[in-house]
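The numbering used here applies: residue 112 is where the sequence shown begins, and numbers increase by one. In this text, a Cβ means the ideal position worked out from N, Cα and C, and glycines have one as well. Nothing here was measured: the structure is a model prediction, and the numbers come from that model.
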Amino acid sequence: MTVNPFESYLKRLDQASEKLKLSKEARSKLATPDRILEKDIDLMRDDGTKETLHAYRVQFNNARGPYKGGIRFHPAADLDEVKALAAAMAIKCAVVDIPMGGGKGGVQFDPKQYSDAEIERVARGFVRAFVHDLGSDKDIPAPDVYTNGTIMGYMLDEYEKITGKKEPGMITGKPVPLGGIVGRDTATAQGGVYALEYFVDSQGMEMNQLRVAIQGFGNAGATMAHLLYEAGCNIVGVSDSSGALLSETGLKPDKLLKTKEEKKVLEAPNAQKATNAELLEADCDVLVPAALDGQITRENAANIKAKIILELANGPTTPDADKILAERGVTVIPDVLANAGGVTVSYFEWMQNQEGSMWTEDQVSTELQKTMRRAAKAVDEKSKKAHVPLRDAAFLLGVERLAAATSMRNSAV
Ligand code: GLU
C-alpha cells in the first residue's frame, strides 16, 4: 500500500496539535496551503514536436518569512507530493529557526529522457508560468531532486529578463558568478554531518569509529560519502540507481566518483555488488538514505542494523517503519533536521544578495555549524522532555513555532 504523503503530514499534524493543545482554527491553518498554483508548460522538443508538461508551485505558509523551497523535475511530482514537501519546508525552516516560510515546486516529467536544451526550456517555461508569484520577498525557489545550480541560473536569467530588474535573491542555489554562495552545493551533506556529530557525541560514540552505508550517490549522497570519509568513518556501502556496493574494508568516495563518471556505474576492486535493498540492511552503525522517499518501510525496518539513520533525503522512512524503528531503539535523525543544511545555506545566500555582499567559505561553514548544532540540541531536548522520538520532537518544535507566527497574522474579521 502506498502512503499518500500529504495524508501522512496531516496525521502527524493531528498528533502534534493534540500534544500542543492547538485550537481547531490553528490546526486548520497549518493543514491548508496558502495557495496552490498549477500551470501547463508547453515545451517544444528538439525534433519540433510539442508537448505539455504539468507544473506546480505550492505556497504553504509564509507566517515566518517568504515562501521557500526547491523545485523538482520528477515523474512522481504530483500535487499530493508537492503539497507534503511544501509543508515539510515550513516545518524545516522553523526547526532550524530561519525566517523563511515553506513552499515547493515540481514539474511532472522524467528529465533523464530530455536533452539539456529541452531542460533549459522547461526551466524557463516554469518561470514564465509563475513569474508574478515569485520574488525575493515573496517566494524563493532552489534546487531539489534532478534540478541543480545551472537550472537555477536559467530561472534567474528568465525572471530578470521578464521583470527588467536585477534580483538575484529571487532564487538560491544558483552559480556563484550569478550571486550564488560558496558552499551551497555541499551544504545539505555538510549540515547532515554537523547534525550527526551532535548525536554521535551525545551517545558517547566517535566519528572515526563509525561504519556508514549511504543510499544514493547523487550530489548529496556523494558529498556525504566524501565528508564522512574525511572525518575518519569507514564507508562500508554505497548505492545508486544502478545498484549497490558493499565492502567491509571500506570504499574510497573520490575513486568511486571518478569511476562512476567514466563508466556510469559504481565499481570498486575490494567490493561486492549488491542490491539497494541489501544496502539498506547492511551491517553498519549509520545508514544515510540520500535518494528518494519511501525507502525504509514496514517490510525492511526490522532488518535494519544501523543504530542511527540520518535522513538526507526527504521522507525516506514511512510512518509504519518509524514505529518499528522506535521500538527497536534506532535513532532516526529526521529529514526536517538532517537535511536542513541546504535551506540554511540558501538563507545565507539570500541574505548576501539582499545586502549586496559576498560571504566567505569560513563564514558559511561557521554559521552553518552553529545553526545545525543549535537545532539538533533543541530537537534532542524536546525529545527527552516530551518522551518522543526525534521526528515527533522536531515536528512539535516546528509546529509550535509555526503556529505561534501564524496566529499573530490571523485576526478574525
Ligand atoms: N530542496 C532543498 C530541501 O528540500 C533545499 C530547499 C532550499 O534551499 O530552499 O530542503
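Classified as exposed, VAL376 has fewer than 16 neighbouring CB atoms from the shown chains inside 10 Å of its CB. The C-beta of SER494 has 16 or more other C-beta atoms within 10 Å across all chains shown, which makes the residue buried. Here the distance from the Cβ of SER457 to the nearest heavy atom of ligand 1 is below 8 Å.
With the rule of 3 Cβ pairs closer than 8 Å, the segment 188-201 does not count as touching the segment 126-137.
Remark: C-beta atoms of ALA393 and ALA402 do not approach each other more closely than 9 Å. Below 8 Å, enough C-beta pairs join the segment 177-191 and the segment 202-217 to call them touching: three or more. Across the structure, MET155 and GLY327 are spaced so that their CA atoms are roughly 32 Å apart. C-alpha of ALA187 to C-alpha of ASP404: approximately 11 Å in a straight line. Within the segment 393-452, the complete beta strand (DSSP E) segments of 3 residues or longer fall at 397-400, 419-421, 442-444, listed in chain order. Proximity of the beta carbon of THR482 to ligand 1 is not indicated: no heavy atom of the ligand is located closer than 8 Å. In this structure GLY291 is not in contact with GLU466, their Cβ atoms being roughly 15 Å apart against a cut-off of 8 Å.
Take the alpha-carbon of ASP125 and the one of GLU118: they are about 11 Å apart. Excluding the 5 residues flanking it on each side, TYR340 has same chain C-beta neighbours closer than 6 Å at ILE346, PRO364, in chain order. Listed as beta-bridge partners of HIS165 by DSSP are ASP151. It is roughly 11 Å from the alpha-carbon of ALA437 to the alpha-carbon of PRO430.
Taking C-beta atoms under 8 Å as the contact rule, VAL169 and PRO144 qualify, at a distance of about 5 Å.
Under the three-state reduction of DSSP, TYR257 is assigned to coil, being neither helix nor strand. DSSP links ARG295 through a beta bridge to no other residue.
Around PRO286, the same chain offers GLY260, THR261, MET263, GLY264 as residues with beta carbons nearer than 8 Å, after the five sequence neighbours per side are excluded.
Short of 6 Å from the beta carbon of ASP433, and not among the five residues preceding or following it, lies no beta carbon of its own chain. In this structure, the C-beta of ASP491 stays at least 8 Å away from each heavy atom of ligand 1.
Fewer than three beta-carbon pairs drawn from the segment 481-495 and the segment 225-242 are found closer than 8 Å, and the two stretches are therefore not classed as touching.
DSSP places TYR178 in the strand class (E or B) of the three-state scheme. Residue pairing by DSSP puts GLN383 in a beta bridge opposite LEU357. The Cβ neighbour count for MET519, taken over all protein chains shown within 10 Å, is under 16; the residue is labelled exposed.
For ALA298, same chain residues with a beta-carbon under 6 Å away, outside a window of 5 residues either side, are GLY452, GLY453, VAL456 in chain order. The closest heavy atom of ligand 1 lies 8 Å or more from the beta carbon of LEU357. Per the coordinates, the alpha-carbon of ALA342 lies some 12 Å from the alpha-carbon of ARG322.
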